[in-house]
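Chemist: Heads up: the sequence shown begins at -6 in our numbering, then just goes up one per residue. Yeah, the Cβ is synthetic: ideal placement off N, Cα and C, and Gly gets one too.
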Amino acid sequence: MTERLDLKRVTLCAASSVNLAATVRALELCMAQIDFAEALLFTDSASIERLPPIDSAIRIVEIAPLLSSAAYSNFILQGLPGHVTSDFCLVVQWDGHVIDAGHWQDEFLDYDYIGASWPQFDDGHDVGNGGFSLRSRCLMALCRSSEFTAHHPEDIAIGRTNRAFLEARGMRFAPRDLADRFAAERAGDPDVSFGYHGVFLMPRVLGDEGFWNAYASLDELSSLRPDFNDLLRSVLRGDKGARRAVTMIGRKLADARFWRRFRPAN
């Protein structure tokens, strides 16, 4: 039996009011390999009522509904720190979680913030993505400071807007090469990283069936839009590809019609 990774200094956290089945699955995939200080799922009362069966080790914390990505950012910056009592917090989302605990490096804990690097930035402030990220309790506390400029998206607020403020108070950001060993997103390699973030990587990380099971459970599809064509091609190459591709196209069209109803008139 493979030895489990002991991360009792780290609390595993996810917050969402949508795609709850996939969010729970992301938590469970992390917990399948690792012993955490605690595992927390933050969601609203209506979402709690429709939760799928959930591992009893996951503690559900009721919060106000997260009705937008901006509301999510606000909770991560202002609300989450009050619930974490361990030294670190591992933030995961439905499309980002641990891949292989064997790729963990204790060096990750030498830094106050680490997430997949941002290849679009070349000024040294390129770490990093918050969707699968490790952050210290000290850094999280500073994010609630009146001197911290909080805004959406929360990872840009931490890794770029307020990086100088945080570093001036002793916070350490992981270098790009270590960040890429921690997580893959638009950069990095999921074959060698500890975790990943991004729906576009899910077919590679989870396999055809794993991705399809996650996709079929989704109730909110907006994050798929930028990578829809790549995901469609990946599904077409897999088992039941044509049938599943038709399903994806149908859901995309239905989603577009739904949101068109709320578009303001010219």
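Determine the closest residue to leucine 127 out of Val120, Gly117 and Ile107, with distance taken between C-alpha atoms.
Modeler: It is Ile107.
Chemist: For alanine 57 and leucine 34, what's the separation of their Cα atoms in angstroms?
Modeler: When rounded, the distance between both Cα atoms is 13 Å.
Chemist: Suppose you measure from the CA of aspartate 48 to the CA of valine 120; what does that come to, to the nearest Å?
Modeler: Cα to Cα, aspartate 48 sits roughly 32 Å from valine 120.
Chemist: Please return the same chain residues whose Cβ sits closer than 6 Å to the Cβ of asparagine 259, not counting the five positions on each side in sequence.
Modeler: In this prediction, asparagine 259 has a pLDDT of 43, which is less than 50 and means its spatial position is unreliable; what the coordinates show is noted afterwards. Once the five neighbours on either side are set aside, asparagine 259 has no close Cβ partner at all.
Chemist: In chain order, what are the residue ranges of uninterrupted beta strand (DSSP E) at least 3 long that sit wholly in the stretch 97 to 130?
Modeler: Taking only runs of at least 3 residues, the beta strand (DSSP E) segments lying wholly in the stretch 97 to 130 are 106 to 108 and 126 to 129.
Chemist: Identify, in the order they occur along the chain, each residue of the same chain with its Cβ nearer than 7 Å to the Cβ of valine 11, setting aside the five sequence neighbours on each side.
Modeler: If we look at valine 11 and ignore the five residues flanking it on each side, its Cβ neighbours are Asp212 and Glu213.
Chemist: Is the beta carbon of histidine 90 closer than 9 Å to that of glycine 191?
Modeler: Taking 9 Å as the Cβ cut-off, glycine 191 and histidine 90 do not qualify as a contacting pair.
Chemist: Can you list, in chain order, the residues of its chain whose CB lies under 7 Å from that of leucine 22, leaving out five sequence neighbours each side?
Modeler: His90 and Val91.
Chemist: Buried or exposed: leucine 246, going by 16 or more other Cβ atoms within 10 Å of its Cβ?
Modeler: The residue in question, leucine 246, is exposed, as its Cβ has fewer than 16 Cβ neighbours within 10 Å.
Chemist: Within the continuous beta strand (DSSP E) that includes cysteine 82, where are the two ends?
Modeler: That run of the beta strand (DSSP E) goes 81 to 84.
Chemist: Along the chain, where does the beta strand (DSSP E) that runs through isoleucine 53 open and close?
Modeler: Segment 51 to 55, the beta strand (DSSP E) holding isoleucine 53.
Chemist: If I measure Cβ to Cβ from alanine 134 and keep anything under 6 Å in the same chain, skipping five residues before and after, which residues do I get?
Modeler: Result list for alanine 134: Pro74, in chain order.
Chemist: Applying the 10 Å Cβ sphere with the 16-neighbour rule, what's the burial state of phenylalanine 155?
Modeler: The residue asked about is misnamed: residue 155 is asparagine in this sequence, not phenylalanine. Buried: at least 16 other Cβ atoms inside 10 Å.
Chemist: Nearest-angstrom Cα distance between threonine 4 and serine 210?
Modeler: Whole-angstrom Cα-Cα distance: 26 Å.
Chemist: Determine contact between the stretch 217 to 237 and the stretch 172 to 187, defined as no fewer than three beta-carbon pairs at a distance below 8 Å.
Modeler: No, they do not touch.
Chemist: What residue from Phe101, Gly95, Arg52 and Ile242 has the CA that sits closest to alanine 32's CA?
Modeler: It is Arg52 whose Cα lies nearest to the Cα of alanine 32.
Chemist: As a quick exercise: from Ser79, Ala157, Ile149 and Gly152, pick the residue whose alpha carbon is nearest that of cysteine 131.
Modeler: Of the candidates Ser79, Ala157, Ile149 and Gly152, the one whose C-alpha sits nearest the C-alpha of cysteine 131 is Ser79.
Chemist: Quick one: is isoleucine 151 buried, meaning 16 or more other Cβ sit within 10 Å of its Cβ, or exposed?
Modeler: Classification of isoleucine 151: buried, given that the 10 Å Cβ count is 16 or more.
Chemist: Can you name the start and end residues of the beta strand (DSSP E) that arginine 2 belongs to?
Modeler: Start and end: -2 to 8.
Chemist: Are aspartate 28 and leucine 0 touching if we call contact CB-CB under 9 Å?
Modeler: Cβ atoms of aspartate 28 and leucine 0: closer than 9 Å.
Chemist: In terms of residues, what are the limits of the beta strand (DSSP E) holding alanine 32?
Modeler: Its beta strand (DSSP E) spans residues 27 to 36.
Chemist: So the alpha helix (DSSP H) glutamate 160 belongs to, where does it begin and stop?
Modeler: First-last of the alpha helix (DSSP H) with glutamate 160: 156 to 161.
Chemist: Tell me whether alanine 94 sits in a helix, a strand or coil according to DSSP, three-state version.
Modeler: DSSP places alanine 94 in helix when its eight states are reduced to three.
Chemist: For valine 54 and proline 46, what's the separation of their Cα atoms in angstroms?
Modeler: The straight-line gap from Cα to Cα measures roughly 16 Å.
Chemist: What residue from Gly117, Ala249 and Ala30 has the CA that sits closest to cysteine 82's CA?
Modeler: When only C-alpha atoms are compared, the closest one is Ala30.
Chemist: If we ignore side chains and look at the alpha-carbon of each, how far apart do arginine 18 and phenylalanine 114 end up?
Modeler: Using only the alpha carbons, I get a separation of about 32 Å.
Chemist: Would the beta-carbon of alanine 109 fall within 9 Å of that of aspartate 170?
Modeler: Against a cut-off of 9 Å, the Cβ pair of aspartate 170 and alanine 109 comes out as no contact.
Chemist: Could you tell me the distance, in whole angstroms, from the CA atom of leucine 60 to the CA atom of aspartate 99?
Modeler: Going from the Cα of leucine 60 to the Cα of aspartate 99 covers about 36 Å.
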